[in-house]
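In order, the protein sequences belong to chains A and B. No gaps in the numbering here: position 119 of the first sequence is 864 in the numbering used here, and each next residue is one more. No gaps in the numbering here: position 99 of the second sequence is 844 in the numbering used here, and each next residue is one more. Comments concern the structure below.
2 protein chains.
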Amino acid sequence: MKDNSKISSAVIKRLPRYRRYLYDLQKKNVDRISSNELSNLIGYTASQIRQDLNNFGGFGQQGYGYNIQSLYNEISAILGLDQEYKMVIVGTGNLGQAIANYTHYYKSGFKVAAMFDVNPKLIGLRINDIEVLDYEMLDEFMKNNTIDIGIICTNKDSAQEVVDKLCAGGVKGIWNFAPTDLNLSDDIALENVHLSDSLHSLAYYINRNKQKDS
Amino acid sequence: MKDNSKISSAVIKRLPRYRRYLYDLQKKNVDRISSNELSNLIGYTASQIRQDLNNFGGFGQQGYGYNIQSLYNEISAILGLDQEYKMVIVGTGNLGQAIANYTHYYKSGFKVAAMFDVNPKLIGLRINDIEVLDYEMLDEFMKNNTIDIGIICTNKDSAQEVVDKLCAGGVKGIWNFAPTDLNLSDDIALENVHLSDSLHSLAYYINRNKQKDS
DNA sequence: TAGATTGTTAATCGATTAACAATC
DNA sequence: TAGATTGTTAATCGATTAACAATC
């Protein structure tokens, strides 16, 4: 595998999508596909698909195309999905609970080790067999456990403080659902899910389409 | 305002973020800001900020900068946030409920008119004063109500069918949380929130950082 | 007016697409 | 082998950044 350190984020964002399509093809017992056929399915140009994949090595074979099983495995490995990740969720409101459920049912490599909240009504509950702990215990918990990913489901005002604690506690990545931008050292990965921003873009396109109609 | 129909999506994705920062500045009673100061806050170059804003018109003033209140209002209007949107949520599991709560508390212009599910245990419940209706009634509901946005919180297998019904029912936009790609006419806006893909990118960057360390 | 800062054009940079030689 | 299709280089396209004249 080549040096991955300077591959553009545009490429990385497409990898999970390739993987989803390859997963479905695998389920259908298809065993090979050309960049051209994949292009028709997924909507990227065949040229882009070949360029993207060649960032990581030559996974195809001239005259044949790509073996679906092995390409799926390669992409999974590139993304690091052959590993396990221990996570904590901070903020156990509806969204925190939804994420806990989601990762519980769908994402086998991603384990929620604990959830934290300040609300006494939530502390002590078990959600999908995951204990909700007092936020006061976060520092101690981080000291006694190796946690890879911190998931921020708090409001925007608490988010930075929580992130600071999690980073001090040794997480390698932050999955942020709070509607704010976070400051953290750039050796810790950060992925934002800004639901507000997403909804606001949607509103823009709704109106743009309206204008086109009239 | 200029013709917005060919503004790149890179620009549009930045608008909600500008708006967030302007909102905070407004709260702090700051009344003007230069592209340079805003650049220091938000992290885009001053040049990009000026380019972005000038896609929609000259909102600044030479020698002065931008008036925060009025720029905030302009961006809100560009995004269509001066309007109301009626929404339905299909799929009332944890995620559907979280979205209902979220829009209920934070997003005053976005009203959830109804929620739908196939699960008899959920049908009839009220969540934040929003009724959970039988999915069987979706078509009829859409006939009798004007709904702007359909929110997909189903599993991936049901998503396309739901979208087809919503589009037939006249929605102008789809906010998709199901982990699949949807087909719809391009006069209907589509915004995807692919949580899987997001988590998978995070995993990639965690591993890339690990490699750099060693 | 002088200084500041925009609006806008030009230059650069990066990402996508096209083309084709290599090769299975 | 001949046909198909990749891997990779070159060309194009688009987005970002730099520069500066316009102007408040």
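Even glycine gets a Cβ: it sits at the ideal position worked out from N, Cα and C. Bear in mind that the values here come from a model prediction, so they are computed numbers and not experimental data.
Mind checking whether residue i and residue j have CB atoms under 9 angstroms apart?
| i | j | result |
| --- | --- | --- |
| B:C912 | B:V835 | no |
| A:L760 | A:I813 | no |
| B:R871 | B:V863 | no |
| B:H945 | A:L840 | no |
| A:I757 | A:S780 | no |
| A:G854 | A:E829 | yes |
| B:P924 | B:D942 | yes |
| A:I894 | A:V833 | yes |
| A:Y766 | A:L786 | yes |
| B:W920 | B:E906 | no |
| B:A859 | B:I875 | yes |
| B:L927 | B:A904 | yes |
| B:P815 | B:F801 | Looking at the sequence provided, one finds Ser at residue 815 of chain B rather than Pro. Contact flag unset, no. |
| A:I896 | A:F922 | yes |
| B:K917 | A:K773 | no |
| A:V857 | B:V938 | no |
Tell me where the alpha helix (DSSP H) around residue i begins and ends.
| i | result |
| --- | --- |
| B:N889 | L883 to N889 |
| A:L760 | S754 to K772 |
On the CB-based measure, 16 or more other CB atoms within 10 Å of its CB, does residue i come out buried or exposed?
| i | result |
| --- | --- |
| B:G914 | buried |
| A:S959 | Confidence at A:S959 is low in this model, with a pLDDT of 48, below 50, so the placement of that residue is unreliable and no value is reported for it. |
| B:R764 | buried |
| B:T790 | exposed |
| A:S930 | exposed |
| A:A948 | buried |
| A:V775 | exposed |
| A:A755 | exposed |
| B:Q806 | exposed |
| A:G869 | exposed |
| B:Q809 | Strictly speaking, residue 809 of chain B in this sequence is Tyr, with Gln absent from that position. Exposed: under 16 other Cβ atoms inside 10 Å. |
| A:N799 | exposed |
| A:L940 | buried |
| A:T837 | buried |
| B:G788 | exposed |
| B:Y880 | buried |
| B:Y811 | buried |
| A:T891 | exposed |
| A:D797 | buried |
| A:S821 | buried |
| A:K866 | exposed |
| A:S753 | exposed |
| B:Y847 | buried |
| A:K888 | exposed |
| A:L852 | Going by the sequence as given, residue 852 of chain A is Lys instead of Leu. Burial call: buried. |
| B:K751 | exposed |
Just reading off the beta strand (DSSP E) that residue i is part of, what are its end residues?
| i | result |
| --- | --- |
| B:K856 | F855 to D862 |
| B:A937 | The residue asked about is misnamed: residue 937 of chain B is Asn in this sequence, not Ala. Here the beta strand (DSSP E) through B:N937 covers A934 to N937. |
| A:L878 | I875 to D879 |
Examine the ligand NAD and report whether any of its heavy atoms sits within less than 8 angstroms of the Cβ of residue i.
| i | result |
| --- | --- |
| A:S753 | By its list of ligands, the structure shown contains no ligand whatsoever, and the ligand NAD lies outside what it can speak to. |
**Report entry** Residue ranges of each beta strand (DSSP E) within the segment 774-830 of chain B, 3 or longer
**Finding:** 810-812
**Report entry** Continuous beta strand (DSSP E) assignments of at least 3 residues falling wholly in the segment 897-924 of chain A
**Finding:** 918-921
Query - Residues in the segment 937-949 of chain B having any Cβ partner in chain A nearer than 9 angstroms - result: The segment 937-949 of chain B vs chain A, Cβ under 9 angstroms: N937, V938, H939, L940, S941, D942, S943, L944, H945, S946, L947, A948 and Y949.
Requested in this report: Below 8 angstroms between beta carbons is the criterion; list the residues of the segment 809-829 of chain B that meet it against any residue of chain A, in chain order.
Outcome: I823, L824, G825, L826 and Q828
Query - Residues in the segment 830-856 of chain A having any Cβ partner in chain B nearer than 9 angstroms - result: Those residues of the segment 830-856 of chain A that come within reach of chain B (Cβ to Cβ, closer than 9 angstroms) are Y830, G838, N839, L840, G841, Q842, A843, I844, A845, N846, Y847, T848, Y851, K852, G854 and F855.
Query raised in the report: Which residues, in order along the segment 893-909 of chain B, keep a beta-carbon less than 8 angstroms from a beta-carbon of chain A?
Result: D893 and I894
Query raised in the report: In chain order, what residues of the segment 760-775 of chain B put their CB closer than 8 angstroms to some CB of chain A?
Result: L760, P761, R762, R764 and R765
Requested in this report: Select from the segment 780-795 of chain A all residues with a C-beta closer than 7 angstroms to any C-beta belonging to chain B, and list them in chain order.
Outcome: The residues in question: there are none.
Requested in this report: Could you please tell me which residues of the segment 919-932 of chain B, in chain order, have their CB closer than 9 angstroms to any CB of chain A?
Outcome: So the close ones are I919, W920, P924, T925, D926, D931 and D932.
Query raised in the report: Between the segment 863-893 of chain A and chain B, which residues of the former have CB atoms less than 7 angstroms from a CB of the latter, in chain order?
Result: From the segment 863-893 of chain A, only D893 have a Cβ closer than 7 angstroms to chain B.
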